[in-house]
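*Asks:*
Protein chains in written order, with the numbering used here: chain A, 1 to 263; chain B, 264 to 598; chain C, 599 to 869.
Next comes the structure, spelled out in structure tokens:
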């Protein structure tokens, strides 16, 4: 019992010091000037635009990465494709690539002097320093989450039930819908939450490929930085809090709707 | 059919993504067709443009003109325009950033042929110190006294840092030191720098956050920080460099962009710049603001220390240069 | 309608037909293409440029610091991550659901906001009187924050699926807690812990946003590789930036490939 309490104390203490205190600081700083400035900062047209853009980008990136993530997880666990180790590593790679490098390479490919940049610009859809480039960067950084969450679950559930279903004459899609999907749904849900959170919070890579045009290609994270450096601390902390609240709300909503067995 | 279904769903998802992306793209790319000026500038003039743009809109040339504004580190912004960001007017912290666009064919080589050589606003390198100047910082030599911590950004990523370094170097030369001695001073100075942020604005927040005794800053930035209520004092060193910030119109910009830039050189616009922290390039306006911008320092320009071409090659080349050697020496003599 | 299913290896939900192709195409467009551009940029300068850029004393120092910090962070994560996962799965207390949700916060909190808050918390004006900013400790702290979820999230599901019968059996045979942990739980958790560590390590060597704010970025002392790359890009030394990026990528890829090989190995030996 004492061992258990000690463990709990250490675990929660570590989390508190590393997570809660910093987040508490944001809240404290945001409201240190009262409610009025915070409300003004959040409802300023630039801030509203930044929020809209942030959500739009997430709305594109998350469904794409979810579909890809489930597919990739199935390939990784259920097939014997050659080069699977490489595929798995590639799925994880975006975790490991420095955001600066992501921005740098996107410009190498889609910048005006890059491989395909000129073609896109000629056809009226500039990629870099415009919304598509920011979407690409966001998809890149949030790519691994769904696959990463689904893979271990798929591995744990095994194939017995699926094989039984197949033996009973179920088509692959039926098997997937009736057996596999329900079994992996918590993995998918958590993957989606993480993907959303990461997509909303990305800064480095998006900063490099955004034109930083106020009201057009400025996301919330970029606004945090710009406001902070202009000594608009109220604006910076308000935007930061907004981001934290969106993230927390997503996390809690998921928990509320579908309480995890262990959570 | 099942396979088809699965494929269909996946394809639909991709399609949705692409369409949404394309919509977002066209929305930002087209905007208003004729009278829009895309302004791309370095970070600090943002506060000035907040006043300049409405004032321009009230002039006959500026009637109905809309602006998109983008602010960031000077070098980053210049690279962005080089790589294809839409820009009609560019305003940078230092000339090499315009030169990059001239080399890329985005700005005409004649950009600096106007009466002010394309320089729209001036400022100086100053010392920002803590309230009451507890370490008694007055001169460049005070910066390298034992126990003094100096904040300046990294010269390889920040344009502001390059101005700071050339100010220090020029000041030493001005005091009669040889170039070798001046370079030794720079090395000494950088051994007093505990933090090298990536850009000037980040250094300013590092300093106002409580780190360091002296910040090498743009006068305009330091004034803005003071106006925002930050507790710092400005010390004018005996010698300093005059920071000249260039502005240019890109090739293919609408005529109204040129009109805007021309207007920026009028007394009306220069007065706004002077009100928001810059030293005017018009003598008439400068005279009016003599009290706000004291002439206590012996100022020199980048030309006096060799001009940008020469300075960029000998001081800031990332592979072989004075600053590269100094940065490398940091690892040897401190630890 | 009636597709003849191959009778061998029927694993009902295995994707077939165009689906794998679709996934690979997507991955190629999003991940592989930019990486190819990076490789192309690197080879443009030739081998000697690459070697020069990577072995330059400041670049080498930045790499060393990055790797050392990432190793420390991975090790700390292994211990605390497992511990937290254990508490979250096996312990019961009020507010557990809340704590469980909070774990993912470092992913959600923009790195720049993380940097900002860590700066406020551990900076010169620290409300808790702990000033470690602009030191190597700060680098490790920032990385610890950013990589917190990896080990926890990889250990949690395994711990949850872990059959408690074995533990109960061991306990009924008189084994004590630590013994059960060492002999029964740890061997089962190890692949998940290692996998979480590898991800944390890989993430740590690339981190930029939070580190750039609180490390001080002094070459040879607190400048990490990604910040060094950033300053090289800024000073137009693209060959150097590309070379160092390639080294970071190669390290990450090696770690990640060995990780997936280990995973396959362990999953084969499971059954």
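Just so you know, even glycine gets a beta-carbon here, dropped at the ideal spot from N, CA and C.
All values reported here derive from a predicted model rather than from experimental measurement.
Going by other Cβ atoms of all chains shown within 10 Å of its Cβ, with 16 needed for buried, is residue 288 of chain B buried or exposed?
*Replies:* Unreliable placement is indicated for residue 288 of chain B, whose pLDDT of 39 sits below 50; no coordinate value is reported for it.
*Asks:* Check distances from the C-beta atoms of the stretch 324-351 of chain B to those of chain A and list, in chain order, the residues that come in under 9 angstroms.
*Replies:* Of all residues in the stretch 324-351 of chain B, 331, 332, 333, 334, 335, 339, 340, 342, 343, 344, 345, 346, 347, 348, 349, 350 have a Cβ within less than 9 angstroms of some Cβ in chain A.
*Asks:* Please confirm whether residue 723 of chain C has its beta-carbon closer than 8 angstroms to some beta-carbon of chain B.
*Replies:* So, interface residue.
*Asks:* Check whether the stretch 47-67 of chain A touches the stretch 813-823 of chain C, taking contact to mean three or more Cβ pairs, one atom from each stretch, closer than 8 angstroms.
*Replies:* Cβ pair count under 8 angstroms is below three, so no.
*Asks:* For residue 117 of chain A, count neighbouring Cβ atoms within 10 angstroms of its own Cβ and tell me buried if that reaches 16, exposed if not.
*Replies:* Buried, by the Cβ-count rule.
*Asks:* Over the uninterrupted alpha helix (DSSP H) stretch that includes residue 647 of chain C, give me the two end residues.
*Replies:* Counting along the chain, the alpha helix (DSSP H) containing residue 647 of chain C begins and ends at 644-653.
*Asks:* Who are the neighbours of residue 212 of chain A on chain B, taking C-beta pairs under 7 angstroms?
*Replies:* Correct list: 333, 334, 335.
*Asks:* Kindly identify the DSSP beta-bridge partner or partners of residue 330 of chain B.
*Replies:* Answer is B:300.
*Asks:* Can you round the beta-carbon distance between residue 349 of chain A and residue 711 of chain C to whole angstroms, since I take them to be within the 8 angstroms contact cut?
*Replies:* With chain A running from 1 to 263 in the structure shown, residue 349 of chain A is simply not present.
*Asks:* Could you check whether the Cβ of residue 309 of chain B sits closer than 8 angstroms to any Cβ belonging to chain A?
*Replies:* Chain A, which has a Cβ nearer than 8 angstroms to the Cβ of residue 309 of chain B, makes this yes.
*Asks:* What residue ranges within the stretch 416-450 of chain B form continuous alpha helix (DSSP H) runs of no fewer than 4 residues, ordered along the chain?
*Replies:* Qualifying alpha helix (DSSP H) stretches, in chain order: 422-437.
*Asks:* What ranges does the alpha helix (DSSP H) occupy inside the stretch 121-184 of chain A, keeping only unbroken runs of at least 4 residues that lie completely in it?
*Replies:* With a minimum length of 4 residues, the continuous alpha helix (DSSP H) runs that stay inside the stretch 121-184 of chain A are 131-142, 144-157, 160-167, 172-175.
*Asks:* May I ask you to report which of helix, strand or coil DSSP gives residue 701 of chain C?
*Replies:* Of the three classes helix, strand and coil, the one that applies to residue 701 of chain C here is coil, per DSSP.
*Asks:* Using a threshold of 7 angstroms, is the CB atom of residue 154 of chain A nearer than that to any non-hydrogen atom of the ligand HEM?
*Replies:* Absence of the ligand HEM from the depicted structure is noted, as is the absence of any ligand whatsoever, leaving it without description.
*Asks:* State yes or no: is the C-beta of residue 548 of chain B within less than 8 angstroms of the C-beta of residue 534 of chain B?
*Replies:* It is a contact, given that the beta carbons lie within the stated cut-off.
*Asks:* Could you list the residues in the stretch 486-514 of chain B with a C-beta less than 9 angstroms from some C-beta on chain A, going in chain order?
*Replies:* Within the stretch 486-514 of chain B, the qualifying residues are 487, 488, 490, 491, 492, 493.
*Asks:* Run down chain B in chain order and give the residues with a C-beta less than 9 angstroms from the C-beta of residue 838 of chain C.
*Replies:* By Cβ distance, chain B contributes 581, 582.
*Asks:* Could you check what DSSP says for residue 390 of chain B in three-state terms: helix, strand or coil?
*Replies:* Residue 390 of chain B falls in the strand class under three-state DSSP.
*Asks:* Anything in chain A within Cβ reach of residue 684 of chain C, meaning under 9 angstroms, just list it in chain order.
*Replies:* Under the 9 angstroms cutoff, chain A gives 7, 11.
*Asks:* State the DSSP-derived secondary structure class of residue 496 of chain B, mapped to helix, strand or coil.
*Replies:* Looking at residue 496 of chain B - three-state DSSP - the assignment turns out to be strand.
*Asks:* Residues in the same chain with beta-carbon distance under 6 angstroms from residue 357 of chain B, minus the five sequence neighbours each way, listed in chain order, please.
*Replies:* Cβ neighbours of residue 357 of chain B beyond the five flanking positions: 422.
*Asks:* Which stretch, first to last residue, makes up the beta strand (DSSP E) that contains residue 479 of chain B?
*Replies:* Element bounds for residue 479 of chain B: 477-481.
*Asks:* At a CB distance below 7 angstroms, what residues from the stretch 193-207 of chain A approach chain B? Give them in sequence order.
*Replies:* Under the 7 angstroms Cβ criterion, the stretch 193-207 of chain A contributes no residue.
*Asks:* Could you spell out where the alpha helix (DSSP H) holding residue 205 of chain A opens and where it closes?
*Replies:* Its alpha helix (DSSP H) spans residues 204-209.
*Asks:* Taking the Cβ atom as the reference point for each residue, do residue 504 of chain B and residue 414 of chain B lie within a distance shorter than 8 angstroms?
*Replies:* Result no, Cβ atoms of residue 504 of chain B and residue 414 of chain B do not sit closer than 8 angstroms.
*Asks:* Between residue 14 of chain A and chain C, is any beta-carbon pair separated by less than 8 angstroms?
*Replies:* Judged by the 8 angstroms Cβ criterion, residue 14 of chain A is in contact with chain C.
*Asks:* For the alpha helix (DSSP H) holding residue 37 of chain A, just list the boundary residues, first then last.
*Replies:* Segment 35-43, the alpha helix (DSSP H) holding residue 37 of chain A.
*Asks:* Since residue 629 of chain C and residue 93 of chain A are thought to touch, with beta carbons under 8 angstroms apart, how far apart are those beta carbons, to the nearest angstrom?
*Replies:* That pair is a contact at about 6 angstroms.
*Asks:* With a threshold of 6 angstroms on Cβ separation, who are the neighbours of residue 187 of chain A within its own chain once the five nearest residues in sequence on each side are excluded?
*Replies:* Around residue 187 of chain A: 149, 150, 153.
*Asks:* For chain B, check one thing: does any of its Cβ atoms lie closer than 8 angstroms to the Cβ of residue 163 of chain A?
*Replies:* Closer than 8 angstroms: no.
*Asks:* Could you tell me the boundaries of the alpha helix (DSSP H) in which residue 380 of chain B lies?
*Replies:* Premise fails: residue 380 of chain B is in no alpha helix (DSSP H) and is neither H nor E.
*Asks:* Report the residue from B:593, B:511, B:411 whose alpha carbon sits nearest the alpha carbon of residue 384 of chain B.
*Replies:* Of the candidates B:593, B:511, B:411, the one whose C-alpha sits nearest the C-alpha of residue 384 of chain B is B:511.
*Asks:* Determine the contact status of residue 247 of chain A and residue 214 of chain A, defining contact as a CB-CB distance below 8 angstroms.
*Replies:* Contact: no.
*Asks:* Just verifying my parser: in three-state terms, what is the DSSP assignment at residue 249 of chain A?
*Replies:* Here residue 249 of chain A sits in helix by DSSP.
*Asks:* Excluding the five sequence neighbours on either side, which residues of its own chain have a C-beta within less than 6 angstroms of the C-beta of residue 760 of chain C, listed in chain order?
*Replies:* For residue 760 of chain C, where only same-chain residues beyond five positions count, the Cβ hits under 6 angstroms are 786.
*Asks:* To which residues of the same chain is residue 697 of chain C closer than 8 angstroms at the C-beta, ignoring the five residues directly before and after it?
*Replies:* Contacts found: 686.
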